[in-house]
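Numbering (my numbering), first residue to last: 722 to 1138.
Ideal Cβ placement from N, Cα and C applies to all residues, glycine included.
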């Protein structure tokens, strides 16, 4: 799919025109043809047409298809709403034959570049569907878009490129996370990481069981004991400024299927645990995007990958293991495997000299009980770094909520053995 930006007065014939509509119902000053403007004015007069993400569609021989998407209050418009408007428009075209689409970019309050980038991201997000394993390919509901034209003033090439890179990375992470666990094994996820590295120029290294054992990663390896699938510790590097050191590191939990191990989960909903490697998928996709954007920093991404299954050699409640840091860990519940995997990943990046570390994980259902589905939990130190990560998350559309992390909790996790 091709993206480009142009002035509203210069776009050529398209199959669809998409117009964001705020509650004040003020239309774009330029770019709407007379016939189209007349149609739009009739649509916007309808009650509820400006309600956030409401979609109104008209098709005429002279105007083609016009899609109006409610953008809510103008004063509350942020990049995440620009993404939502673009996604809602594209989803309304899933069953159409539209190939060329022009989108008016609403830049009020956020600027043309952030609005254009968010619009591109929203279009790409709406193009993804988890239907690749359907028996009949024709059953897949995908829009037929080939060209998307962003209508806005100014040079937006860089913003469009950033939007494409970020959008493609998010969809890659979604694809990896939604693959069935019999296909997305630790070894296959390692191959996906190699493919990303080959495409983008990242340095890649895959540490097998023997390498991890030699490094003392017994906490991570304890989770892999019940599975036939060999563990794969994925390491990706972006060297942006040269020299030694790691400016920031990302650690992603890569449990390609989590049954809970001996402390087995309830059967209902267990199939969702194929997505317990979403942290690893996110790190792999993010590292690919970082390589394409090429910031002048050194970035390290690691993903400790394995399955967590019951078996003759599986970890048992009460077992004790020594982590890479040398600290011993008593396993009370084998379904708490995420922290066993992450602790060795965190030690690894620390020994590589990482100055800042962000770990990403589907770590516990308890955070969903605490925060619901609109925020992810954020634990960290120091406060300034936590606040910076939270701000960036909001800009990206992934809102975070800081949770307490104080010394009182340290006593509560000490073992009695």
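Closest residue to residue 880 among 869, 850 and 837 (Cα-Cα distance)
Comparing Cα-Cα distances from residue 880 to each of 869, 850 and 837, the minimum goes to 837.
What does a CB cutoff of less than 6 angstroms around residue 1032 pick up in its chain, not counting 5 residues either side in sequence?
Contacts found: 947.
Find the nearest neighbour of residue 1017 within the set 988, 961, 857 and 833, judged by alpha-carbon distance.
961
N-terminal and C-terminal residue of the beta strand (DSSP E) that residue 823 is part of:
821-825
State yes or no: is the beta carbon of residue 1096 nearer than 8 angstroms to at least one beta carbon in chain B?
Note that chain B does not occur in the displayed structure, where there is just one protein chain.
Going by the CB atoms, is the gap between residue 958 and residue 1013 shorter than 8 angstroms?
Going by C-beta atoms, residue 1013 is not nearer than 8 angstroms to residue 958.
So, is residue 995 buried or exposed, given that buried needs 16 or more other C-beta atoms within 10 angstroms?
buried
Is the beta carbon of residue 1126 closer than 8 angstroms to that of residue 1101?
Pairing residue 1101 with residue 1126 gives a Cβ-Cβ distance under 8 angstroms.
Using 8 angstroms for Cβ pairs, my map puts residue 986 next to residue 1082. What's the rounded Cβ distance?
At roughly 17 angstroms, the Cβ-Cβ gap does not stay under 8 angstroms, so residue 986 and residue 1082 are not in contact.
If you follow the beta strand (DSSP E) that residue 672 is in, where does it begin and where does it stop?
Nothing about residue 672 can be reported from this structure: the residues present for the chain run from 722 to 1138 only.
Residue 878 to residue 1024, Cα distance in whole Å?
Each residue's CA atom was taken as its position, placing residue 878 and residue 1024 some 33 angstroms apart.
Could you have a look at residue 888 and say whether DSSP puts it in helix, strand or coil?
helix
From residue 915 to residue 1067, what distance separates their C-alpha atoms?
21 angstroms
State whether the region 727-741 contacts the region 810-826, with contact taken as three or more CB pairs (one from each stretch) at a distance under 8 angstroms.
Touching, yes, given that three or more Cβ pairs across the two stretches are closer than 8 angstroms.
When DSSP labels each residue in this structure, what does residue 959 get in the three-state scheme?
Note: residue 959 maps to strand in three-state DSSP.
Cutting at 7 angstroms between CB atoms, please list the residues of its own chain near residue 813, excluding the five before and the five after it.
Hits under 7 angstroms: 776, 778 and 788.
Of the residues 1045, 1075, 728 and 785, the one placed nearest residue 874, counting alpha carbons only
The residue with the shortest Cα to Cα distance from residue 874 is 728.
Counting C-beta neighbours from all protein chains within 10 Å, is the total for residue 1019 16 or more, i.e. buried, or is it exposed?
buried
Thinking just about the alpha-carbon of each residue, which of 772, 866 and 828 is nearest to the one in residue 815?
866
Span of the alpha helix (DSSP H), counted from its first residue to its last, around residue 835:
833-848
If you draw a straight line from the C-alpha of residue 954 to the C-alpha of residue 759, how long is it?
Roughly 60 angstroms separates the two Cα atoms.
Who are the Cβ neighbours of residue 1131 in its own chain at under 6 angstroms, not counting the five residues just before and after it?
none
Neighbourhood of residue 829 by C-beta, 7 angstroms cutoff - its chain only, sequence neighbours within 5 removed:
Counting only Cβ-Cβ distances below 7 angstroms, and skipping sequence neighbours, we find 795 and 798.
Please state the DSSP three-state secondary structure of residue 733.
coil
Residue ranges of each beta strand (DSSP E) within the region 985-1053, 3 or longer
1019-1029, 1041-1043 and 1049-1051
Kindly give me the distance between the Cβ atoms of residue 1027 and residue 1062, rounded to whole angstroms, as I take these residues to be in contact under 8 angstroms.
7 angstroms
Hey, quick one: how far does the beta strand (DSSP E) through residue 801 stretch, first residue to last?
Segment 800-812 is the alpha helix (DSSP H) holding residue 801; no beta strand (DSSP E) there.
If you drop the 5 nearest sequence neighbours on each side, which residues of the same chain put their C-beta closer than 7 angstroms to that of residue 991?
980
Given residue 766 as reference, the closest of 983, 1044 and 748 once Cα atoms are compared
The candidate whose alpha carbon is nearest that of residue 766 is 748.
Compute the distance between the beta-carbons of residue 894 and residue 1006, then report whether it is under 8 angstroms.
yes
Extent of the continuous alpha helix (DSSP H) to which residue 1131 belongs
Counting along the chain, the alpha helix (DSSP H) containing residue 1131 begins and ends at 1129-1133.
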